[in-house]
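Residue numbers (the working numbering), protein chains in the order written: chain A, 11 to 722; chain B, 11 to 722.
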């Protein structure tokens, strides 16, 4: 699916709440792919009707087998198709005829297998659309609901036990990675609501999963694993839906590095959008991107326990250990993860010392072994921290203490008391075990992290999730796409004129075709001026001797005009020359570069970076899907590493960043309005003058679609 | 200990191979600190003599108790002192009298308890020195040897079982963190040789531990946990010893962030050297710094299994999974950790496809589920990779496969075959369990990492360890420290003259005291020139109107001379003025800043950074303990983020970085030669001209000891 014909999330209930399930290609052998769902549905007590379908009929795993879906007494909500690719087409047709609402095509042999498979897949989509069927896959691991035992999958995680039921729902393109996440979520003692693996995504895609979970009462937290995004509009639609529903979305988008992207391209065969663009889009739409399964679990674990309303409001964490060394490690890890360690109030310090006289009351709190001498002492100390205003979370490190029976008893009693007295404060524990003690603390509603690093990353992720929930709704371009006059693509002059009409500031400038004219405009604009060749055949003006700067009088302007023409002819004898551009010489201020490129998935993308060689070496740029508001543009500029240079570092004058943001926003709107025609825009440099004096684009070029390569 | 009176490692055998152990303050209660060592020594079958010492005499835990060490039939190698601080002094005196070789003072109440405790600690050091006793602690967790059950500790990790014996030795200042590491090392299935926690480090310090392990036949890998380094010379001595012995040292130096350092300073009370300096020193002396216990375990685990000679020779890793998605994650994680994924040779690709026809033969290798269909197929595929020249390590990801009986069988058989056929190739497995399967693979000599991230970090750490083993021996300053003529501190002119005499290039320059003289020297040097005020009372010359640039004729020089003097008087009426400096105006080239500061632990430290506001905003600097060779200086310069600017980025001329390195090396030697007098040197800017044209220090100032604050 590559459009919005069917809105993300529509008709997805049939996968998770099916009142009947047909297994087309059912087998009596429970170890076979066609046998496993029949086996699992019975094993885990699915309450609906189970219809094994097999041309031989008879009985399968103790159930009546039907020769065709058409023979069923009633249309089931869901059909699992496990017959080979060619037979799958006919099977899906019968499903449509019968009125089945959803089909999970577990069989392989489609797009991933070559052109013939791709043709079969196209047929499947056509049938699904015509029959109003939502189709999952093909070549996928299917889906399941835990509490209801609605199983349309043969995932290995269902092998021994059903995962614990809970509020975490998982949507993954890769069935393998999805299963791996389910298994690890279960191992952490968390419960799962729904699982879905989308495989080839011929119809149902990751966006469907996110949108469906957003609407699902059982789901509190959405874990998403993506290898590629095929449709930006669907994804952002789904993310907005989840955010409005107050359900955090954590995304593991793999293929973040060049090697990973190369691998992803060869694995999925999909044209991948730029990783940097998807990164920006996820952030903008309030999804938290993580970079490993472990980080996903660290954040997900705590988040799922803290929903709906205990996400931290900020990044301030107070860390507590019975030993100074651990406190130092916690401080290091927390800081590196982006958290801050606030100073505690005097009142809290006093109360800590009332409980533990020898405690160090800085943050990290060195609570000494005394804190675990009696439960009431621990409770008293932790209560002081729970009432501290100046912190968003408290992390207690327990080293090896839980391996000691007496200490374990003290901690359990103390923690239980504190949780009861302060149910809404964020308290987490870091402990490597033993497993039953960890489970016991988790069960109190206190998330337990397995290591100091995991706790730091997990808490930082929670803080970011909290922050993301408060983001303003992203702007969408709601204007009309208009044709851009083709002359705008001709040269610098025409490009700047087109941009200027849309709110980009430029200097007064004029194309002239004689030395006299050049001198006249120079005098009109005021000296010094710059002269530049204007020719669509000369891209590198400086190299061609086509630029002369800092001309201070009419005579010099005249001479420069002639010299430029001579140089241009020498450089390229047959160059079409429109004339020479006269413009005042701008001085002072900071140089930015701004630009537009087109992402294959997310459309026009706006970029800003610091100008000059230093910034170029550092690749100091920020990007975002267009359009951006002035506020968003300002955030992009403020996010540049070199931003302090514009912000008064080393006594420099502050630059007019507000005007720069307005220009960037105008550029982004221009790109959306002319999205069909514009492939690329480069404005380099954009001079940002001191505060209050505005910005000017000193050079600009618009490149039409077809002439530039689409990015990636 | 803060000097080299006793060389690191001297006399340390007594702790690990003691033929007899006295426990001063022994208790019959095995749960008390004085009772635990007696209990543990017997429980784990220590072969030497155990002497409980208690003024009451009688019997303790079934052994004859002596009233004093002096009463013992024979001097034991080791005494554990567990009596209160005040009694400990007398006990140590008796140990000295008796001829005990080493004492571990487990009691607290010394420096960490205040001035009275500090005085007691000083007495202990005096007694130990006089009596030729190595003293561990006080306020420490002691030491133990696993295989020999030489136990001088009450660590919680000895509670239930003795850790597995092996080749990993641990030295930690913090007993708690040390124990935590031992426990985690054991949990990974690795064996421990020695453990030591140094506590207050009144005598024995971390350097002693490293040096002792370097000499110890049982130790293969040294894990070090430091909160602070009190003596740089001892540490570097010990690190060199370990490197010469071919024993990798992995260091978890905690307190790497500002919060962590603040916590460390308040915890240890020690004056901490700069974290950046210790980071540079560790690298230089071949130790691998890690930043968390987990990273230490990831690297340590694999390293301990691969010693002595299977450390990778480079950073090239080939990753293999049965699913494309996992391959992408492995590619991402590996790249982020600093590894590279090389392309495989055509021959290897062909051989992989012979084994697994549908395999994807790029790197990551997508070996599909087929690789696990039969052991011989797996063996064939892995053998192809084992014979691939173009890789330093192969990582096989096993997702959930080991949970499946059939697959587990296939993998075990295949891996065993491959390990046997290619015992020296580096093969690692990533698998989250089950635990017994992981243990089985580890036992084959194939390190198993618990996650994709852990494998990436572990392999990257191994590659860095391999690289560090090949480092050249660091230079030490072996010249004589000389008095520096105090006039060098007076002003820019004198400072530059002093530096120039040591090999730093400067421009011709002259202090003049009349306008005529200024004009004469300007003509001699050649125009354009620069004039600058020279006054020890005017630090900010530009601000004072004391600098005039780009003077192109004698008249302008004369005028500038007068103007500068007027400005200087106006700026500071009573400033002592030495005159005005005349020097040619240097143009073109890249600006560096170079400097010297003094670290409280490691002495003179040399710094280089890119000049200008951009670099300042980015804090783009490199530091190293002085002196550095030209080669080391070159590496520092090449390590700057902005280095590409000097290296021909965007068509710029290459800068003369060799000359810059020579200047930096000369500066560092100068700082060592005058280490007693020089607190700080600033050379800013140092102009680096195009290749072959050298560098010049355009400004320099030397600040004497006592005038500048010692860094940190």
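Cβ atoms here follow ideal geometry from the backbone N, Cα and C, with glycine treated the same way.
- prompt: residue 441 of chain A and residue 395 of chain A: beta carbons closer than 9 Å?
  reply: By one-based count along the first chain, residue 441 of chain A stands at place 431. By one-based count along the first chain, residue 395 of chain A stands at place 385. Contact flag unset, no.
message: Could you give the first and the last residue of the continuous beta strand (DSSP E) run that contains residue 61 of chain B?
response: Walking along the second chain from the start, residue 61 of chain B turns up at place 51. Unbroken beta strand (DSSP E) run through residue 61 of chain B: 59-63.
task: Please name the residue or residues paired with residue 607 of chain A in a DSSP beta bridge.
output: Locating residue 607 of chain A in the first chain gives position 597, where the first residue counts as 1. Beta-bridge pairing links residue 607 of chain A to A/615.
- request: Quick one: using the 10 Å Cβ neighbour count with 16 as the cut-off for buried, is residue 14 of chain A buried or exposed?
  value: Residue numbering aside, residue 14 of chain A sits at position 4 when the first chain is read from its first letter. A residue is called buried when at least 16 other Cβ atoms come within 10 angstroms of its Cβ; residue 14 of chain A does not meet this threshold and is exposed.
message: On the DSSP letters alone, give me the boundaries of the alpha helix (DSSP H) that residue 621 of chain A sits inside.
response: Locating residue 621 of chain A in the first chain gives position 611, counting from the first residue. Here residue 621 of chain A belongs to no alpha helix (DSSP H), and DSSP marks it neither H nor E.
query: Name the residues in the stretch 639-671 of chain B whose C-beta lies less than 8 Å from a C-beta of chain A; which are they?
result: 651, 652, 654, 655, 659, 660, 662
message: Distance check for residue 286 of chain A and residue 527 of chain A, CA to CA, integer angstroms please.
response: Residue 527 of chain A sits at position 517 when you count from the first residue of the first chain. Residue 286 of chain A sits at position 276 when you count from the first residue of the first chain. Whole-angstrom Cα-Cα distance: 47 Å.
- prompt: What is the C-beta distance between residue 525 of chain A and residue 572 of chain A, in whole angstroms, given that I count them as a contact (C-beta under 8 Å)?
  reply: The residue labelled residue 525 of chain A in the question sits at position 515 within the first chain. The residue labelled residue 572 of chain A in the question sits at position 562 within the first chain. The pair is a contact, with the Cβ atoms about 6 Å apart (cut-off 8 Å).
- prompt: Is it right to say residue 131 of chain A is buried, meaning 16 or more other beta carbons lie within 10 angstroms of its own, or is it exposed?
  reply: Here residue 131 of chain A is taken as the residue at index 121 of the first chain, counted from 1. Residue 131 of chain A is buried by the Cβ-count criterion.
Residues near residue 228 of chain A in its chain [Cβ-Cβ closer than 6 Å; skip 5 each side]: In the first chain, the residue the question calls residue 228 of chain A occupies position 218. These residues qualify, in order along the chain: 203.
field: 8 Å contact criterion, which residue 664 of chain A and residue 598 of chain A should meet: CB distance rounded
entry: As a first step, residue 664 of chain A is located in the first chain; it is residue number 654 there, counting from the start. As a first step, residue 598 of chain A is located in the first chain; it is residue number 588 there, counting from the start. That belief does not hold up - the Cβ atoms of residue 664 of chain A and residue 598 of chain A are roughly 13 Å apart, past 8 Å.
- prompt: If contact means a Cβ-Cβ distance below 9 Å, which residues of the stretch 253-268 of chain A contact chain B?
  reply: Flagged, chain order: 262, 264, 265, 266, 267, 268.
message: Between the alpha carbons of residue 727 of chain A and residue 248 of chain B, how many angstroms are there, rounded?
response: Nothing about residue 727 of chain A can be reported from this structure: the residues present for chain A run from 11 to 722 only.
- request: Quick one: grab the DSSP three-state call for residue 44 of chain B.
  value: For the purposes of this step, residue 44 of chain B is identified with residue 34 of the second chain, where counting begins at 1. Correct three-state label for residue 44 of chain B: coil.
field: Nearest to residue 437 of chain B (by Cα), restricted to the options B/376, B/425, B/306, B/444
entry: In the second chain, counting from the first residue as 1, residue 437 of chain B sits at position 427. Residue 437 of chain B has its Cα closest to that of B/425, out of B/376, B/425, B/306, B/444.
query: From what residue to what residue does the beta strand (DSSP E) around residue 221 of chain B run?
result: Along the second chain, one-based indexing puts residue 221 of chain B at 211. Counting along the chain, residue 221 of chain B sits inside no beta strand (DSSP E); it lies in the alpha helix (DSSP H) bounded by residues 216-225.
query: Nearest to residue 604 of chain B by CA position, among B/626, B/186, B/587, is which residue?
result: As a first step, residue 604 of chain B must be located in the second chain, where it is residue number 594. Nearest to residue 604 of chain B by C-alpha distance, out of B/626, B/186, B/587, is B/626.
Cα-Cα separation, residue 642 of chain B to residue 685 of chain B: As a first step, residue 642 of chain B is located in the second chain; it is residue number 632 there, counting from the start. As a first step, residue 685 of chain B is located in the second chain; it is residue number 675 there, counting from the start. If you take the alpha carbons of residue 642 of chain B and residue 685 of chain B, they lie about 20 Å apart.
- prompt: Looking at C-alpha atoms only, which residue of B/637, B/45, B/144 is the closest neighbour of residue 110 of chain B?
  reply: Taking the second chain and counting its residues from 1, one reaches residue 110 of chain B at position 100. Checking every option, the nearest Cα to that of residue 110 of chain B belongs to B/144.
- request: Indicate the three-state DSSP secondary structure (helix, strand or coil) for residue 194 of chain A in the structure shown.
  value: Translated into positions along the first chain, residue 194 of chain A becomes position 184. In the structure shown, residue 194 of chain A sits in a helix (DSSP, three-state: H, G or I).
query: Curious, which full-length beta strand (DSSP E) runs of at least 3 residues does the stretch 429-471 of chain A contain?
result: 437-440
- request: Indicate the three-state DSSP secondary structure (helix, strand or coil) for residue 594 of chain B in the structure shown.
  value: Residue numbering aside, residue 594 of chain B sits at position 584 when the second chain is read from its first letter. Strand, per DSSP.
field: Separation of residue 222 of chain B from residue 17 of chain B, as counted between CA atoms
entry: The sequence position of residue 17 of chain B within the second chain is 7, counting from 1. The sequence position of residue 222 of chain B within the second chain is 212, counting from 1. Roughly 10 Å between the two C-alpha positions.
message: Is there a C-beta anywhere in chain B that falls below 9 Å from the one on residue 374 of chain A?
response: Residue 374 of chain A sits at position 364 when you count from the first residue of the first chain. Chain B, which has a Cβ nearer than 9 Å to the Cβ of residue 374 of chain A, makes this yes.
query: With DSSP run on the structure shown, which of helix, strand or coil describes residue 268 of chain B?
result: The residue given as residue 268 of chain B occupies position 258 in the second chain. Reduced to three states, the DSSP call for residue 268 of chain B is helix.
task: Examine chain B for any beta-carbon lying closer than 9 Å to the beta-carbon of residue 13 of chain A, and answer yes or no.
output: Locating residue 13 of chain A in the first chain gives position 3, counting from the first residue. No, residue 13 of chain A lies away from the interface with chain B (no Cβ there is under 9 Å from its Cβ).
- prompt: Among all the DSSP beta bridges, which residues are the ones paired with residue 154 of chain B?
  reply: As a first step, residue 154 of chain B is located in the second chain; it is residue number 144 there, counting from the start. Partner(s): B/161, B/205.
- request: Measuring alpha carbon to alpha carbon, tell me which of A/196, A/171, A/170, A/169 ends up nearest residue 180 of chain A.
  value: Taking the first chain and counting its residues from 1, one reaches residue 180 of chain A at position 170. Considering only alpha carbons, the answer is A/196.
- prompt: Which partner residues does residue 144 of chain A have in the DSSP bridge list?
  reply: Here residue 144 of chain A is taken as the residue at index 134 of the first chain, counted from 1. DSSP lists A/112 as partners of residue 144 of chain A.
- request: May I have a chain-ordered list of the alpha helix (DSSP H) segments no shorter than 4 residues that lie completely inside the stretch 617-693 of chain B?
  value: 622-628, 640-648, 653-656, 667-683
- prompt: What residue from A/263, A/421, A/557, A/537 has the CA that sits closest to residue 581 of chain A's CA?
  reply: Residue 581 of chain A sits at position 571 when you count from the first residue of the first chain. The residue with the shortest Cα to Cα distance from residue 581 of chain A is A/557.
field: Residue-level contact to chain A via CB, residue 311 of chain B, 9 Å cutoff
entry: If you number the second chain from 1, residue 311 of chain B lands on position 301. Output row for residue 311 of chain B: interface = no.
field: Where residue 462 of chain A meets chain B, residues with beta-carbon distance less than 9 Å
entry: For the purposes of this step, residue 462 of chain A is identified with residue 452 of the first chain, where counting begins at 1. Under the 9 Å cutoff, chain B gives 302, 303, 304.
- request: Assess, as a yes-or-no matter, whether the stretch 356-374 of chain A is touched by the stretch 311-321 of chain B under the definition of 3 or more beta carbon pairs within less than 8 Å.
  value: no
message: Just checking: is the beta-carbon of residue 679 of chain A within a distance shorter than 9 Å of some beta-carbon in chain B?
response: For this step, residue 679 of chain A is matched to residue 669 along the first chain. So, not an interface residue.
query: What do you reckon, are the CB atoms on residue 308 of chain B and residue 467 of chain B nearer than 9 Å?
result: Position 298 of the second chain holds residue 308 of chain B. Position 457 of the second chain holds residue 467 of chain B. Their beta carbons are under 9 Å apart, which means residue 308 of chain B touches residue 467 of chain B by this criterion.
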